[in-house]
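What follows is a set of notes on a single structure, which appears directly below.
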Amino acid sequence: MTWQNPWLVAALFNLVLIGLAFASPKKLLTPMGYIHAWVLGVILWGCLGWQAYFVTLVYFAAGSTVTKVGFAQKAAAGIAEDRGGVRGPGNVWGSALTAALCALLVWFTGLTSATLAGLTTGQVTQLLILGFVASLSTKLSDTSATEIGKAYGQRTFLITTLQPVPRGTEGAVSLEGTLAGVVGSLILAVAAWGVGLIPVVGVVICAIAAFVATTIESLIGATIEDKLPGLTHDVVNIINTLIGAVVAISLGALLAIK
Numbered sequence: 001m002t003w004q005n006p007w008l009v010a011a012l013f014n015l016v017l018i019g020l021a022f023a024s025p026k027k028l029l030t031p032m033g034y035i036h037a038w039v040l041g042v043i044l045w046g047c048l049g050w051q052a053y054f055v056t057l058v059y060f061a062a063g064s065t066v067t068k069v070g071f072a073q074k075a076a077a078g079i080a081e082d083r084g085g086v087r088g089p090g091n092v093w094g095s096a097l098t099a100a101l102c103a104l105l106v107w108f109t110g111l112t113s114a115t116l117a118g119l120t121t122g123q124v125t126q127l128l129i130l131g132f133v134a135s136l137s138t139k140l141s142d143t144s145a146t147e148i149g150k151a152y153g154q155r156t157f158l159i160t161t162l163q164p165v166p167r168g169t170e171g172a173v174s175l176e177g178t179l180a181g182v183v184g185s186l187i188l189a190v191a192a193w194g195v196g197l198i199p200v201v202g203v204v205i206c207a208i209a210a211f212v213a214t215t216i217e218s219l220i221g222a223t224i225e226d227k228l229p230g231l232t233h234d235v236v237n238i239i240n241t242l243i244g245a246v247v248a249i250s251l252g253a254l255l256a257i258k
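According to the UniProt record's numbering, the sequence shown is numbered sequentially starting from 1.
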């Protein structure tokens, strides 16, 4: 039956959902952002099913919500997100390119029955799914830490020197932001566990991977972001999520999760 084709279901369902979101007076994405989100949604559902799509919706909903926290205060200080927090194509792929690559690799692995380093196809698939979840956990952790730190950080320090700096400084960290980042990563990972994408131990792995990756991202922000040609914030986000995925996959392989 036609409706058994996950790619067709993904295309149609995503079209309806994106259409409703686009028609809503409260915009989360720019017009081009919605188009790119449609492509992303089709890839994720087609490769990993509705569970991956649901987890990605959790990320976008939580990320958009936390961006709005204390927005007026952040805007007055000149440290709020551009366009009032409305995301564009760069934000979509900066957040989810790694997730999309993990999903595509799962699909490719299923087609080829590929093995890697003595791992079975099933083990490779589970590790890639763990990488998918960890990449989104990492991004939600980063977004939560940044936005809550900007809004409520009482004492903000540059990660490289631990010297006090103003809120919103690239590479700055705060206790409030760090805790929010941990909570953000757990929210995403628990959602993935709830729909059966990862085992319980995967929740812990994703939280660890997100913490490691966001710490490295802060170091990049404090040292070389915007100083090297092409190293934009969206590119740093891709690096950040890729680190989260690699750390999670490495930990998963070491622990031989199933």
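All residues carry an ideal CB built from backbone N, CA and C; glycine is no exception.
Judged by beta-carbon spacing, S137 lies within the 7 Å limit of L188, meaning their Cβ atoms are closer than that value.
In this structure, DSSP gives L197 a state outside helix and strand, which the three-state scheme calls coil. Going by C-alpha positions, I18 is about 8 Å away from A37. The criterion of a C-beta distance shorter than 7 Å is satisfied by C206 and A248. Cβ-Cβ distances below 8 Å link N5 to nothing in the same chain once the five nearest sequence neighbours on each side are left out. A Cβ-Cβ contact shorter than 7 Å links A151 with G70.
For T121, the enclosing alpha helix (DSSP H) has its first and last residue at 121 to 152.
For D142 against E217, the beta-carbon gap comes to about 6 Å, under 8 Å, which counts as contact.
It is roughly 31 Å from the alpha-carbon of G168 to the alpha-carbon of G202. The Cβ atoms of V236 and I220 sit closer than 7 Å to each other. For A172, the enclosing beta strand (DSSP E) stretches over residues 172 to 174.
Y59 and L8 do not touch by the CB rule: their CB atoms are close to 24 Å apart, not below 8 Å. Bridge pairing for F157: P164, V173 [DSSP]. In this structure N14 is in contact with W45, their Cβ atoms being roughly 7 Å apart against a cut-off of 8 Å. Between I238 and G94 the beta-carbon gap is near 6 Å, inside 8 Å, which marks them as a contact. By the criterion of a C-beta distance shorter than 8 Å, D234 is surrounded in its chain by G90, N91, W93, G94, once the five residues flanking it on both sides are discounted.
Within the DSSP bridge table, the entry for L48 names no partner. According to DSSP, L29 shares a beta bridge with R87.
Shortest Cα-Cα distance from T214 to any of R87, S64, T241 involves T241. Contact between T156 and S174 is confirmed by a C-beta separation of about 5 Å, below the 8 Å threshold.
Between G181 and G153, the CB-CB gap reaches or exceeds 7 Å. In this structure, the CA atom of R87 is about 32 Å from the CA atom of T109. Excluding residues up to 5 positions away in sequence, I43, C47 lie with their Cβ nearer than 8 Å to the Cβ of L104 in the same chain. Between T120 and S135, the alpha-carbon positions lie close to 23 Å from each other.
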